[in-house]
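Only one structure is covered here, and it is reproduced in the block below.
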Amino acid sequence: MIEKQEAKTLITFWGTRGSISTPGRATEKYGGNTPCVAIRHGDMTLILDAGTGIRNLGIDLIQESETRENHLSLHLFLSHTHWDHIQGLPFFLPAYDSKTRLTIYGSPKKGRFLASVLKGQMDYEYFPVSMGALMADITIKEVSEEAIRLGPVRVDWQDQNYHPGGSVRYRFRIHDTMIVYATDVELDRIFQSEYSPREKESLIQEYVDFIENADLLIADGQYTEEEYLSKVGWGHSSISVISEIASRARVKQLAIFHHDPQHSDKFLDDVWAKSRARYGSDEGKLDIFWAREGLTLAI
Ligand SMILES: [Zn+2]
Ligand SMILES: [Zn+2]
Numbered sequence: 004m005i006e007k008q009e010a011k012t013l014i015t016f017w018g019t020r021g022s023i024s025t026p027g028r029a030t031e032k033y034g035g036n037t038p039c040v041a042i043r044h045g046d047m048t049l050i051l052d053a054g055t056g057i058r059n060l061g062i063d064l065i066q067e068s069e070t071r072e073n074h075l076s077l078h079l080f081l082s083h084t085h086w087d088h089i090q091g092l093p094f095f096l097p098a099y100d101s102k103t104r105l106t107i108y109g110s111p112k113k114g115r116f117l118a119s120v121l122k123g124q125m126d127y128e129y130f131p132v133s134m135g136a137l138m139a140d141i142t143i144k145e146v147s148e149e150a151i152r153l154g155p156v157r158v159d160w161q162d163q164n165y166h167p168g169g170s171v172r173y174r175f176r177i178h179d180t181m182i183v184y185a186t187d188v189e190l191d192r193i194f195q196s197e198y199s200p201r202e203k204e205s206l207i208q209e210y211v212d213f214i215e216n217a218d219l220l221i222a223d224g225q226y227t228e229e230e231y232l233s234k235v236g237w238g239h240s241s242i243s244v245i246s247e248i249a250s251r252a253r254v255k256q257l258a259i260f261h262h263d264p265q266h267s268d269k270f271l272d273d274v275w276a277k278s279r280a281r282y283g284s285d286e287g288k289l290d291i292f293w294a295r296e297g298l299t300l301a302i
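For the record, in the sequence shown the residue sitting at position 212 is 215 according to the working numbering, with numbers rising by one throughout.
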């Protein structure tokens, strides 16, 4: 039996900037905090990455739990453990609250790597408070072959090899809504000459199958086509490649994410205008937009 969708799913961008936080007037529209996105459905809160944006989310969650007098139960999915995706965790207030339950998911690739990296960034040399001071009930889970089920949410994941050290993309199905989070991956690498046409096709198809018909795809689009030429091997995609693949996969909305630290609001606005004319906006076409800190979408 198909379950009926009971409530809207809300997606809020708390951090959209790649690599390093970029506060300042030139970035105030799209935001300067590093990656963090919250997906909320009913009383379920899923958090994607723990960049500096997670600090403001934490303050918001604490205020909300105080007014509602309920305890927080949170699920944090890490794409990988590069600084820009974990450095907000030591500033995430709910993690210091003994009433919070926090489950952290990440790649299983390197054995006990995930727990030790998270603990490592809170070593005394880097931070005054150790991970042991986090009073929340924290479980660190390395994802396995099986899909994760959390109430009405089903989570699938895939490894992304085209990023230094690798990363993980996640697909969240909530009733009949599908959201994919796929940051920090250099899809342009698929089009490099080392692959035969058949290999290229199968690599593209693997990605298309994962994102097909998504209601929302949040994807790495750090570079313009021209910029990418001098950034080969840096682990990030060009806007044109992700837009073309998303369009082929009949994605409904594409949120370009992980903005380059050098890209000002003005620059992003200009690139958006050009990209929208090329890939989206008309009926039946992909709805492409730039992820903006503070933006909430309801699906
Ligand atoms: Zn990153
Ligand atoms: Zn990275």
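Note that the Cβ used here is the ideal one computed from N, Cα and C, for glycine as well. Nothing here was measured: the structure is a model prediction, and the numbers come from that model.
(message) What does the Cβ neighbour count give for W17, buried or exposed, with the cut at 16 atoms within 10 Å?
(response) Your numbering for residue 17 matches position 14 in the sequence shown. It counts as buried.
(request) Pull up the CB-CB distance for V132 and P97, whole angstroms please, since I reckon it's below 8 Å. (result) Here residue 132 is taken as the residue at index 129 of the sequence shown, counted from 1. Here residue 97 is taken as the residue at index 94 of the sequence shown, counted from 1. With 8 Å as the limit, V132 and P97 do not qualify as a contact, their Cβ atoms being about 15 Å apart.
(message) Does the distance between the C-beta of S22 and the nearest non-hydrogen atom of ligand 1 fall short of 8 Å?
(response) Along the sequence shown, one-based indexing puts residue 22 at 19. Result yes, Cβ under 8 Å from ligand 1.
(message) According to DSSP, simplified to helix, strand and coil, what is D263?
(response) In the sequence shown, the residue the question calls residue 263 occupies position 260. Reduced to three states, the DSSP call for D263 is coil.
(message) With a threshold of 8 Å, are at least 3 pairs of Cβ atoms found where one atom belongs to the stretch 196-214 and the other to the stretch 42-53?
(response) no
(message) Please tell me whether, using a cut-off of 8 Å, the distance from the CB of H78 to the nearest non-hydrogen atom of ligand 1 is below it.
(response) Position 75 of the sequence shown holds residue 78. No, Cβ of H78 sits at least 8 Å from all heavy atoms of ligand 1.
(request) Output the distance between the C-alpha atoms of Q8 and T299, rounded to the nearest integer angstrom. (result) Walking along the sequence shown from the start, residue 8 turns up at place 5. Walking along the sequence shown from the start, residue 299 turns up at place 296. Summary for Q8: the model assigns pLDDT 48, below 50, so the residue's position carries little reliability, and this model does not support an answer.
(message) Taking 8 Å as the cut-off, is the C-beta of S170 nearer than that to any heavy atom in ligand 2?
(response) For the purposes of this step, residue 170 is taken as residue 167 along the sequence shown, with counting starting at 1. At least one heavy atom of ligand 2 is nearer than 8 Å to the Cβ of S170, so yes.
(request) Assign E296 to buried or exposed, taking buried as 16 or more other Cβ atoms, counted over all protein chains shown, within 10 Å of its Cβ. (result) One-based indexing of the sequence shown puts residue 296 at position 293. By the 10 Å Cβ count, E296 comes out buried.
(message) Rounded to the nearest angstrom, what separates Y231 and I291 at their Cα positions?
(response) The residue you call residue 231 lines up with position 228 of the sequence shown. The residue you call residue 291 lines up with position 288 of the sequence shown. Straight-line Cα distance between these residues: approximately 19 Å.
(request) Compute the Euclidean distance between the alpha carbons of I5 and D218, then round it to the nearest angstrom. (result) As a position in the sequence shown, residue 5 is number 2, starting the count at 1. As a position in the sequence shown, residue 218 is number 215, starting the count at 1. Bear in mind that a pLDDT of 45 at I5, under 50, signals an unreliable position, so the number given afterwards is only what the model happens to contain. For I5 and D218, the distance between alpha carbons rounds to 18 Å.
(message) Going by beta-carbon coordinates alone, are L271 and H262 separated by less than 9 Å?
(response) Counting from 1 along the sequence shown, the entry for residue 271 is found at position 268. Counting from 1 along the sequence shown, the entry for residue 262 is found at position 259. In contact: L271 and H262 (Cβ atoms closer than 9 Å).
(request) Going by DSSP, name the residue or residues bridged to I14. (result) The count along the sequence shown starts at 1 and reaches residue 14 at position 11. According to DSSP, I14 bridges with I42 and L300.
(request) State yes or no: is the C-beta of G56 within less than 9 Å of the C-beta of G91? (result) Here residue 56 refers to the residue found at position 53 of the sequence shown. Here residue 91 refers to the residue found at position 88 of the sequence shown. Yes. Within cutoff.
(request) Please confirm whether any heavy atom of ligand 1 lies closer than 8 Å to the CB of P38. (result) Counting from 1 along the sequence shown, the entry for residue 38 is found at position 35. Checking every heavy atom of ligand 1 against the Cβ of P38, one is found closer than 8 Å.
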